[in-house]
Structure formats: structure tokens, C-alpha cells
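Enquirer:
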Amino acid sequence: MSVIIGFLFMAAVYLILSRSLIRVVIGTGLLSHGAHLLILTMGGFSGSAPPVLEDSVTDFVDPLPQALILTAIVISFGVTAVFLVMAYRAYQELETDNMTLLKGNDEHD
Amino acid sequence: MISVLLLFAPVVAALFVPLLASRLRGIHTGWFVLAVPVLLFIYYLGFLPQVKDGGVHIGELSWIPSYGISLTSYIDGLSLLFSLLITGIGALVVLYSIFYLDKTKERLGNFYVYLLMFMTAMLGVVQSDNMIALYGFWELTSISSFLLIGYWYTRDGSRFGALKSMMITVFGGLMMLGGFVLLYIMGGTFSVRELASMAPELAEHSLFTWALVLLLLGAFTKSAQFPFYIWLPDAMEAPTPVSAYLHSATMVKAGLYLVARFTPIFAASEIWVWLVTSIGVLTLFWGSFFAVKQTDLKGILAFSTVSQLGLIMSLLGASAAAFHVEGAAETMFKYAGFAAIFHLVNHAAFKGSLFMVAGIVDHETGTRDIRKLGGLMALMPVTFTIALIGSLSMAGLPPFGGFLSKELFLTGMLSLGELDLFAPASWGTVLLIVAWIASVFTFIYSFYFVFRTFTGKHKPDLLPKSAHEAPAGMLISPAVLGLIVVAIFFVPNFIGDWIVKPAVAAVQPFMYGSPADVDVHVAAWHGHVTPELMMTIGIVITGLVLYWLLPKWQGGYRAFPEYLTLNKLYDSSMIFAESGMNRLSRSYMNGLIRSYLIYMFAGIVIIVLGSMFVKDAFAVSFEGTAPIGPAEIGLLTVLVGSVLTTLVARKRLTAILALGAAGYVVALLFVIFKAPDLALTQLVIETVSVALYLLAFYHLPKLSRHDEKRKFRVGNAIIAAGVGLMMALLAMSAASQKALPSISQFYKDTVYSEAGGGNIVNVILVDYRGFDTLFEIAVLSIAAIGILGMIKLRLTRKGDQHEKQ
Numbered sequence: 001m002s003v004i005i006g007f008l009f010m011a012a013v014y015l016i017l018s019r020s021l022i023r024v025v026i027g028t029g030l031l032s033h034g035a036h037l038l039i040l041t042m043g044g045f046s047g048s049a050p051p052v053l054e055d056s057v058t059d060f061v062d063p064l065p066q067a068l069i070l071t072a073i074v075i076s077f078g079v080t081a082v083f084l085v086m087a088y089r090a091y092q093e094l095e096t097d098n099m100t101l102l103k104g105n106d107e108h109d
Numbered sequence: 110m111i112s113v114l115l116l117f118a119p120v121v122a123a124l125f126v127p128l129l130a131s132r133l134r135g136i137h138t139g140w141f142v143l144a145v146p147v148l149l150f151i152y153y154l155g156f157l158p159q160v161k162d163g164g165v166h167i168g169e170l171s172w173i174p175s176y177g178i179s180l181t182s183y184i185d186g187l188s189l190l191f192s193l194l195i196t197g198i199g200a201l202v203v204l205y206s207i208f209y210l211d212k213t214k215e216r217l218g219n220f221y222v223y224l225l226m227f228m229t230a231m232l233g234v235v236q237s238d239n240m241i242a243l244y245g246f247w248e249l250t251s252i253s254s255f256l257l258i259g260y261w262y263t264r265d266g267s268r269f270g271a272l273k274s275m276m277i278t279v280f281g282g283l284m285m286l287g288g289f290v291l292l293y294i295m296g297g298t299f300s301v302r303e304l305a306s307m308a309p310e311l312a313e314h315s316l317f318t319w320a321l322v323l324l325l326l327g328a329f330t331k332s333a334q335f336p337f338y339i340w341l342p343d344a345m346e347a348p349t350p351v352s353a354y355l356h357s358a359t360m361v362k363a364g365l366y367l368v369a370r371f372t373p374i375f376a377a378s379e380i381w382v383w384l385v386t387s388i389g390v391l392t393l394f395w396g397s398f399f400a401v402k403q404t405d406l407k408g409i410l411a412f413s414t415v416s417q418l419g420l421i422m423s424l425l426g427a428s429a430a431a432f433h434v435e436g437a438a439e440t441m442f443k444y445a446g447f448a449a450i451f452h453l454v455n456h457a458a459f460k461g462s463l464f465m466v467a468g469i470v471d472h473e474t475g476t477r478d479i480r481k482l483g484g485l486m487a488l489m490p491v492t493f494t495i496a497l498i499g500s501l502s503m504a505g506l507p508p509f510g511g512f513l514s515k516e517l518f519l520t521g522m523l524s525l526g527e528l529d530l531f532a533p534a535s536w537g538t539v540l541l542i543v544a545w546i547a548s549v550f551t552f553i554y555s556f557y558f559v560f561r562t563f564t565g566k567h568k569p570d571l572l573p574k575s576a577h578e579a580p581a582g583m584l585i586s587p588a589v590l591g592l593i594v595v596a597i598f599f600v601p602n603f604i605g606d607w608i609v610k611p612a613v614a615a616v617q618p619f620m621y622g623s624p625a626d627v628d629v630h631v632a633a634w635h636g637h638v639t640p641e642l643m644m645t646i647g648i649v650i651t652g653l654v655l656y657w658l659l660p661k662w663q664g665g666y667r668a669f670p671e672y673l674t675l676n677k678l679y680d681s682s683m684i685f686a687e688s689g690m691n692r693l694s695r696s697y698m699n700g701l702i703r704s705y706l707i708y709m710f711a712g713i714v715i716i717v718l719g720s721m722f723v724k725d726a727f728a729v730s731f732e733g734t735a736p737i738g739p740a741e742i743g744l745l746t747v748l749v750g751s752v753l754t755t756l757v758a759r760k761r762l763t764a765i766l767a768l769g770a771a772g773y774v775v776a777l778l779f780v781i782f783k784a785p786d787l788a789l790t791q792l793v794i795e796t797v798s799v800a801l802y803l804l805a806f807y808h809l810p811k812l813s814r815h816d817e818k819r820k821f822r823v824g825n826a827i828i829a830a831g832v833g834l835m836m837a838l839l840a841m842s843a844a845s846q847k848a849l850p851s852i853s854q855f856y857k858d859t860v861y862s863e864a865g866g867g868n869i870v871n872v873i874l875v876d877y878r879g880f881d882t883l884f885e886i887a888v889l890s891i892a893a894i895g896i897l898g899m900i901k902l903r904l905t906r907k908g909d910q911h912e913k914q
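So, in C-alpha cells, the structure goes:
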């Protein structure tokens, strides 16, 4: 599992560092997947049942990471949406999605 | 207590200055300001009887008690002397400035605010017993000096001079702070008095020499000692009242004060004696030698101030030497300490009056260039008289105060010559000879200053204004100082008993128990011909001859190449530092987000991996890992495959679909890891996301690599691999060890009894962490509003085109 998380992060960082704006946005999506799995892993995998109270079950999975991840999923969706629209806006305004060209100039220091 | 609060009286008064300056334009603001130093001067005069008998006054106001930092007003002989100088000269300078600065043309509000700020700062420096408070006031003097030098900020020279003085004195101030901290480490207290009482133990400490050198750096930069003197000539861009006040009478003497104040602590060190005396004599010579080269009246006075400060510094060094000798020799050095303080008073009087004279000449003729001046004696008789008194006192001639302090100085140097404290035994003799030569040059520049300006041929066609005598008000202050100079000669022992001796007792507590023990009697004529008198006669004769021949050898100064001077060194290093730093920051702040991200990622990787390595936090255990079945293997394969696809995808649709696939796999993983809520949410979100991506991509350009070079991609890959490796190790270690038990058990136990819900995850979200969820909704709303705004906003560029059409 840890290896998969590392792999997800690696791919995400590689995409974020690339020159295309779209790839950067996709990279952030992968990054959030990696982060969610990381939280889940940190909680450990002990337990045999979903964290829902039932009479016969006593051995739950840790519910706390799940609650955190649930929040994170929703937020990351919001972030993705904002990023996408920002990319759209930047492209409309500047007519490029090349990150190298999207840098400040001396007037805007 | 009241004396501490009075330290801040000038600053409090400064609060009202802008109001007075703007409301009462008819009356010169200076008249209101004048009350502050005058009242303080009278207040400090009241301490004289008490201090004369060796008493001290201590006022204390707690500031940061937990660190032992307090605001103190410690008034002993030394600080009283300085306080009287600050307020006394301050009052005269304010009076003078009323006539010097035009109330309609100048921004008087600013000027007097800065001046009052300086007054508080300087009083704070000399009265603070606590080193941290002392440091704070010390830097405040640098800042107010900076503001005052740059008062005419539209001039290039003013700004340059202000910055230069700031750089050098603040550098020294920081060094001094280092010295203070070392003293604190050694002695465990910030109080100078307490440190002085444990001086013998401090001298044994290994940090002692370091503290000494750092402290001296502070003193030398402030008092313009060689090689830091270069800021003082440039500080002459300040209005003349400021030069008279800060840059000759008070602020530059803060360094002398510091040396005097810390003499009881450091006198035990031979390095102290050696450094202070040698640098002092060197500065004395250097300043007087180059003063003759100057053509600007204030330039001459600036170098002369440098030189005189060196003189006092060397005397302070010699007075510390008294600690190292015993018996008969000790009595010889008692003159040194007395001479230092005595000359300090003398110098404040005659140099203050000379600066004011230079200001008057500038004011009435429009120039300070000594080559254009001449023959002003007939036009400005009063000014000439004052200048003559000041200059002859500076040259060390009777019947003026300077003669007496010159004699005492020579006595001090003579006794150094006989002392074999220094490693080369003849060093003391060398100092004596250098001091004598410097005195000759002092004599020359004093004559040069006064006779080139006031005698000779009047050149009215070279002057911007037709010269005439200054208004009476402007002459009051220099005349008062001139009178003091003469008075000191005739009643030196009166000044000595009341002001100098208490200060000497404070500087040399190891010699004197009380001011009354300082058994120095100053006399102009000792009843017989002393070596000092012989030397003075030598100085006068040599000086007169050289002054006579001055036109013949003054050109010799031009033989010194300009680029070898310290000034040039400072200038070029400043320019280099400025452009170099600019280049450096531009080289990494290049505006590319990628670069910044790389710095961040690399930083995170290095810090996390480094700390994991140092703390030995790697841990791998397979306890509690989920069993890996065929389903898991299949899912992970799909995940890896889809992620790889996003990496290499050439079409954007492929990339989007692969991203979606990865998201669904993660959802399935949630199912396997017994998180049904997560899986449901992830499925919904992922579906919406893919739809959103597709929608947005309709408007976005085709996927392009933008000619990413091989090097570029390899660099990215290295960073990415580093982050991946770090995260994998982090996840492994985090999963394998738990420092604290999870809080989850609490939720498990109470979820039904407290919150009445069965689904623990949901209950946590809406109940235990309800606010969190509320804010999450708020965040999403903000995002939605932002998105709406960005889409609806009219394009600026297209808008422009419409307007053009």
C-alpha cells in the first residue's frame, strides 16, 4: 500500500512540474488520491467490519481516518473545480497553457 | 521613577510638534521646542550637589522583569555630565536653529520631531544601566541621526550620507549587542553596575576578550574611530544645527561614553588598553592630517571632530592603563582620566561654537568652500571673534580651555611613554611622537579654518550672496559657547570639582572611592617649565612654520590616489553588495511557478528524509496489514496502469479517462478497506469530476508537451521520485508505529450513548465535528462563487479590443 501511495505522489509531482496547465490540474487530482490513501494507511487496517454499529460486531475499522478522508474528498473536489476554471480563465485571457510563459514580468514584481 | 519618565519627555513633547508646526505657522516651532531641553537642563542641574559628593540617583521602571530587563535612570558623575551636555548644548542648538531654519521654507515639524527623538535616545544611552535598554536607545540615536542627515532628502548627498552613517553605526550597534549578550552569559545580569562589581571574575572568563572586541566595535563605529570614521564627513550633509549637536557634541561621544562606562569592567585587560589607546592615537593623527586637505568648512570640522574623538579615546585608554600600574606611576595616569573628561567638555564647547560659525558663514555668504571665502573679518566681526576663540582653543593655545586639556593630554601621553606595558617596549614612545605630530596638524587646521575664512582678500564676486553679519539671535548660541571656552581657562578647577571629578570617579572606581579623592589640580602655569610646556611651544613653532608654508605643500594631498581610500572601498563594496544581491535573488526568484515548486518539494524531501534519518524513524512492520488477495492485486494493477496512462497520454481525453479510472479504483479500494461511506462519496465525486473535466476541456487547448527538453523531464522525474520515495517511507513508518493511542476508541464507545447514531463516520462528521463540516460547506460555497465570478468576468483583453473598435 505504501508503495502505491509513493507511486501516486511521484506521478502527481511529475505532472505538477510539467509545462502544460492541464497536466498540472490532473496532477493535483492524483495528489489528492495519494493523500487520501495515506491517511487511510496511517489509521491502520486492523478491524474486520465497517464502522457501523451492529449488535453482533465489535471489531470495527478505525472510523476517524474515514471521517477525515470524507471531508478531504469533498474539499479536493472543490479545489479541482477551482483549478479547472482558473486554467480555463488563464487560457482565455492569455491564450496559452504553457507554464513557462505564465510568469510575472518586471512590471508586476 | 520620575527621572525615568523624564527620559521620555522629549519624545512626548515631539507628539505635539506636528500640531504646533501646522497650526501656529506664525511662530517658529523652535520656540516651543526650546522649553524641553531648557527645563531638563535645569532639572539635571539639581543633581549636581548630590553627585559632587559621590552620590548616585537611581530610578527604575520595570520593563520585561522575567528577563531582567528594565528601564533605568542611573545618574552618577559620568551620566550627569553627558545629560547636562545633551540638554545644555541641545538648548543652544535649538535656539540657533530657530534663526538658521526658515519657518516658511523648511519642514520644521519633521526636524524638531527627529531632534527631540534623538534627545530621548541619547539621554537613554547615557542613563541606562540595563544593557538591553542601552542598546535600544543606542540604535534609536542611529535612526534619528539617519533621519536628520537625510533631512534635505531631495539631495543625493544627504541620502547617501544618511545611509552610510546608518550602515556603519548600526553594524557597530549589532556588534555591541553581541558583546552585551556575551557579558550576560558571563555575568548573568544585564546591569552594568553589577557587572562592574564582578569585574575580576569576568576577566578570567574565556569569552572576555570577545566581548571586549565586540563592544569596542560598537564604540569605534559610533565615535567615528579609524577605520570607521568615513561616515562622519558624509554626515555633514545634515543641517548645521544637527552637525553641531549630533555629530560633534553628543552622538559621536556615545562611543566615548561606552568606553568610559565599561572601563571599570575591561580595564583589567591589556588588550583593552592597547586597542583603545592605539586606535585613539591613530585616529587623532589620521583625522588631523586629512583635515588640512579639506576645502569645505564643515569638512574641516568633521575631520577635526574625528581627530579630537581619537584624542579623547586615547586618553580613556591611558586612564585604563592606571589599573595596570601601582605606586608612583599610578598617579601619573590619574591625569589621563581627568584629561579625557575635561577635554570632552572643552571639545563640546569649542566644536559646537565652530560648527555654528560654519553655519553662519554658510548662511550669510551662501558657500562653505574655503577657496571662495576670505576677508570676512571686517564684514562679520562678531562671528570672527567667536571663530577665533574656538579655533585657538582647538589649537591648544592660552587663554582658552583647549590649552589646559592639551597640556593634560600631553601629560597622559608622556606617562604612557614611560610605561612598559606594551609588547614592544618602545610602543609608548611611538604613541607619544604620533600624538605630538597630530597636535601640530591640529594647530595647522585650526589656523587654516579661521584665517582662510576671515582674513586675506575678500572675493565678493565668488560668493552667491553678499556677506554681512548674522542676526543677533543666531550669534547668541555660539557666543555662549565661546564664553564657556574662555571661562574654562580661568576657572578650570570649578568645572573640575563640580562636573569632571565625579565623572572621573565613575570611570576609574578602582582608583577613587569618591569624587573628592580625585586630587588633580589644573593650572595654566605650574611655576616652572614642564616638559608639556616645552612640547606645546614646539607645536606652536612647527605649526606656525608649516602653516606659513601651507600653499606649498597642500597640493601634496592630491598625490594620494582616490581609489585607495577607505571611502572608495566602502562605496564599491556597497555597490557590489546591492547589485550582487539583486542578481542573486533574481537568479532564483525567476517568476516560474515550477522553480518555486521544485524548491518546495526538494525542501520537504530533504527535511523529512533528513529528520527521519537523523531520528532513525524508519520502521517497517507487517503487523496489521491487510491480507492481499487476487482482488487487491487486480485493483492495484489497474490503478498503476491508469496512472501511467495519465503520465504518457498524448490526448487529453485519454488522460481524463485514465484519471477517472484511477479515481474509481481508489473508490473500490475504499470498499475493500471497509469504508463504504468513502466509497460512495468517491464514486459520486469522481463521476462529477470527470464530467467537469470533460466540460472544461471542451474549452481548453489540446494537450501539448510544449517542447519539454530531456533535461527538463529528467529533473522533474528526479524530484518526483524523491517525493514518491519520501511519501512511501513516511506511509510505511506511519502505519508501522503508533506513538499515541488513537482517539477513535472514544468515538466507538460514545457514538450511540452520546450522539444516538449507528454509523460512526457519519456521526463524527455531523455531530462531533459539526463545525468542521459546516465550514467545509462554506469553503465549497466560496469555491462556487469564485468559479462563477471567474467565468462571468469579462475578458480584459477582449474588452479592450471592443473599446478600440
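Heads up: the protein sequence lines correspond to chains F and X, in order.
Under my numbering, read the first sequence as residues 1 to 109, first letter to last.
Under my numbering, read the second sequence as residues 110 to 914, first letter to last.
All residues carry an ideal CB built from backbone N, CA and C; glycine is no exception.
These figures come from a predicted structure and were not determined experimentally.
Note down, in chain order, each residue of its chain lying with its Cβ closer than 6 Å to the Cβ of glycine 582/X, except the 5 sequence neighbours on either side.
Expert: Reading the second sequence from its first residue, position 473 is the one you call residue 582/X. For glycine 582/X, where only same-chain residues beyond five positions count, the Cβ hits under 6 Å are Phe208.
Enquirer: From the DSSP secondary-structure annotation, give me the bridge partner or partners of threonine 181/X.
Expert: What you label residue 181/X is simply residue 72 of the second sequence in a count that begins at 1. Bridge partners of threonine 181/X: Glu169/X.
Enquirer: Less than 8 Å separating the beta-carbons of phenylalanine 227/X and threonine 213/X?
Expert: Counting from 1 along the second sequence, the entry for residue 227/X is found at position 118. Counting from 1 along the second sequence, the entry for residue 213/X is found at position 104. Not closer than 8 Å, so no.
Enquirer: If you compare alpha carbons, which of Leu809/X, Ala840/X, Glu863/X is closest to threonine 96/F?
Expert: Start at 1 with the first residue of the first sequence, and residue 96/F comes out as number 96. Of the listed residues, the one whose Cα sits closest to threonine 96/F is Leu809/X.
Enquirer: Can you tell me whether phenylalanine 117/X is helix, strand or coil according to DSSP?
Expert: For the purposes of this step, residue 117/X is identified with residue 8 of the second sequence, where counting begins at 1. Three-state DSSP puts phenylalanine 117/X in coil, outside helix and strand.
Enquirer: Can you tell me where the alpha helix (DSSP H) with valine 160/X in it begins and where it stops?
Expert: Locating residue 160/X in the second sequence gives position 51, where the first residue counts as 1. From DSSP, the alpha helix (DSSP H) with valine 160/X extends over 157-161.
Enquirer: Name the chain F residues whose beta carbon is nearer than 8 Å to that of methionine 709/X?
Expert: Sequence index remark: in the second sequence, residue 709/X carries index 600 (1-based). Going along chain F, no residue has its Cβ under 8 Å from methionine 709/X, so there is no contact; the nearest lies around 10 Å.
Enquirer: Which whole-angstrom value is the C-beta distance of leucine 15/F and leucine 756/X, which I expect to be below 8 Å?
Expert: Within the first sequence, residue 15/F is the residue found at index 15, counting from 1. Within the second sequence, residue 756/X is the residue found at index 647, counting from 1. Right, their Cβ atoms sit about 7 Å apart.
Enquirer: Measure the alpha-carbon distance for arginine 667/X versus threonine 674/X and round it to whole angstroms.
Expert: The residue given as residue 667/X occupies position 558 in the second sequence. The residue given as residue 674/X occupies position 565 in the second sequence. For arginine 667/X and threonine 674/X, the distance between alpha carbons rounds to 12 Å.
Enquirer: From what residue to what residue does the alpha helix (DSSP H) around alanine 843/X run?
Expert: As a position in the second sequence, residue 843/X is number 734, starting the count at 1. Counting along the chain, the alpha helix (DSSP H) containing alanine 843/X begins and ends at 819-845.
Enquirer: Under 6 Å Cβ to Cβ from valine 114/F, same chain only, skipping five residues before and after it: list those, please.
Expert: Outside the shown range of chain F (1 to 109) lies residue 114/F, about which nothing can therefore be said.
Enquirer: Mind checking leucine 839/X: buried by the 16 CB within 10 Å criterion, or exposed?
Expert: Looking up residue 839/X in the second sequence gives position 730. Answer is buried; the Cβ neighbour count reaches 16.
Enquirer: Go through its chain and collect everything with a Cβ distance to glycine 233/X's Cβ below 6 Å, but skip five positions before and after it.
Expert: Working through the second sequence from its first residue, we reach residue 233/X at position 124. Leu116, Phe246, listed in sequence order.
Enquirer: Under a CB-based cut-off of 8 Å, is aspartate 97/F close to chain X?
Expert: Numbered from 1 along the first sequence, position 97 holds the residue referred to as residue 97/F. Answer yes: the Cβ-Cβ gap between aspartate 97/F and chain X drops below 8 Å somewhere.
Enquirer: Going by CA-CA distance only, name the one from Val454/X, Val290/X, Val594/X that's closest to valine 613/X.
Expert: As a position in the second sequence, residue 613/X is number 504, starting the count at 1. Nearest of Val454/X, Val290/X, Val594/X to valine 613/X, Cα basis: Val454/X.
Enquirer: Against chain F, does alanine 784/X count as a neighbour if the rule is that its beta carbon must be under 8 Å from one of theirs?
Expert: The residue you call residue 784/X lines up with position 675 of the second sequence. Yes, because at least one Cβ of chain F sits closer than 8 Å to the Cβ of alanine 784/X.
Enquirer: Among the candidates Asp185/X, Ile684/X, Gly282/X, whose CA atom is the shortest distance from the CA of serine 237/X?
Expert: Translated into positions along the second sequence, residue 237/X becomes position 128. Nearest C-alpha to serine 237/X: Asp185/X.
Enquirer: For asparagine 699/X, which of helix, strand or coil comes out of DSSP?
Expert: Counting from one through the second sequence, the residue named residue 699/X turns up at place 590. Asparagine 699/X falls in the coil class under three-state DSSP.
Enquirer: Excluding the five sequence neighbours on either side, which residues of its own chain have a C-beta within less than 6 Å of the C-beta of isoleucine 593/X, listed in chain order?
Expert: If you number the second sequence from 1, residue 593/X lands on position 484. These residues qualify, in order along the chain: Ala458.
Enquirer: Compare the Cα-Cα distances from leucine 406/X to each of Ser555/X, Pro624/X, Phe727/X and report the closest residue.
Expert: The residue given as residue 406/X occupies position 297 in the second sequence. Of the candidates Ser555/X, Pro624/X, Phe727/X, the one whose C-alpha sits nearest the C-alpha of leucine 406/X is Ser555/X.
Enquirer: CB-CB under 7 Å to glutamate 912/X, same chain, minus the five flanking residues each way: which ones, in chain order?
Expert: Here residue 912/X is taken as the residue at index 803 of the second sequence, counted from 1. Model confidence at glutamate 912/X stands at a pLDDT of 43, short of 50, so the residue's coordinates are unreliable and nothing is read from them.
Enquirer: Which residues in chain X have a C-beta closer than 9 Å to the C-beta of threonine 71/F? List them in chain order.
Expert: Along the first sequence, read from residue 1 onward, the residue named residue 71/F stands at position 71. Result: Leu874, Arg878, Asp881, Thr882, Glu885.
Enquirer: If you draw a straight line from the C-alpha of histidine 108/F to the C-alpha of tyrosine 705/X, how long is it?
Expert: Here the question's residue 108/F lines up with position 108 in the first sequence. Here the question's residue 705/X lines up with position 596 in the second sequence. Because histidine 108/F carries a pLDDT of 48, less than 50, the predicted location of this residue cannot be relied on, and the following value inherits that uncertainty. Roughly 17 Å between the two C-alpha positions.
Enquirer: Could you list which residues in chain X have their beta carbon closer than 7 Å to that of threonine 80/F, in chain order?
Expert: What you label residue 80/F is simply residue 80 of the first sequence in a count that begins at 1. Per Cβ cutoff of 7 Å: Ser798.
Enquirer: Under 7 Å Cβ to Cβ from isoleucine 585/X, same chain only, skipping five residues before and after it: list those, please.
Expert: The sequence position of residue 585/X within the second sequence is 476, counting from 1. Only Leu204 meet the Cβ criterion.
Enquirer: Within its chain, find whatever has a CB closer than 8 Å to the CB of glycine 866/X; leave out the 5 residues flanking it on each side and keep chain order.
Expert: Translated into the one-based positions of the second sequence, residue 866/X becomes position 757. Hits under 8 Å: Val860, Val872, Asp876.
Enquirer: Roughly how many whole angstroms lie between the Cα atoms of proline 336/X and leucine 391/X?
Expert: Taking the first residue of the second sequence as 1, we reach residue 336/X at position 227. Taking the first residue of the second sequence as 1, we reach residue 391/X at position 282. One C-alpha to the other measures close to 9 Å.
Enquirer: With H, G and I counted as helix, E and B as strand and the rest as coil, what does DSSP make of phenylalanine 727/X?
Expert: Counting from one through the second sequence, the residue named residue 727/X turns up at place 618. If DSSP states are grouped into helix, strand and coil, phenylalanine 727/X belongs with coil.
Enquirer: Kindly list the residues whose CB is nearer than 7 Å to the CB of valine 120/X, restricted to its own chain and excluding five residues on each side of it in sequence; keep chain order.
Expert: Numbered from 1 along the second sequence, position 11 holds the residue referred to as residue 120/X. Closer than 7 Å at Cβ, skipping near neighbours: Leu225, Met226, Thr229.
Enquirer: Contact criterion: CB-CB distance below 8 Å. Does threonine 28/F meet it with respect to chain X?
Expert: Within the first sequence, the letter at position 28 stands for residue 28/F. Not an interface residue.
Enquirer: With a threshold of 8 Å between beta-carbons, can aspartate 62/F be considered close to chain X, or not?
Expert: For the purposes of this step, residue 62/F is taken as the residue at position 62 of the first sequence. By this cut-off, aspartate 62/F is an interface position.
Enquirer: Okay, do the stretch 325-339 of chain X and the stretch 365-376 of chain X touch, 3+ Cβ pairs below 8 Å being the bar?
Expert: Output reads yes: the stretch 365-376 of chain X touches the stretch 325-339 of chain X.
Enquirer: Between the C-alpha atoms of leucine 766/X and valine 799/X, what's the straight-line distance to the nearest angstrom?
Expert: Looking up residue 766/X in the second sequence gives position 657. Looking up residue 799/X in the second sequence gives position 690. Whole-angstrom Cα-Cα distance: 7 Å.
Enquirer: If contact means a Cβ-Cβ distance below 9 Å, which residues of the stretch 605-618 of chain X contact chain F?
Expert: Listed by position, the residues of the stretch 605-618 of chain X near chain F (Cβ gap below 9 Å) amount to none.
Enquirer: Leaving out five residues before and five after glycine 163/X in sequence, what residues of the same chain have Cβ atoms less than 6 Å from its Cβ?
Expert: The residue given as residue 163/X occupies position 54 in the second sequence. Result list for glycine 163/X: Ser623, Pro624, in chain order.
Enquirer: Could you tell me which chain F residues have their CB closer than 9 Å to the CB of glutamine 417/X, listed as they occur along the chain?
Expert: The count along the second sequence starts at 1 and reaches residue 417/X at position 308. None at all; the shortest Cβ gap to chain F is about 48 Å.
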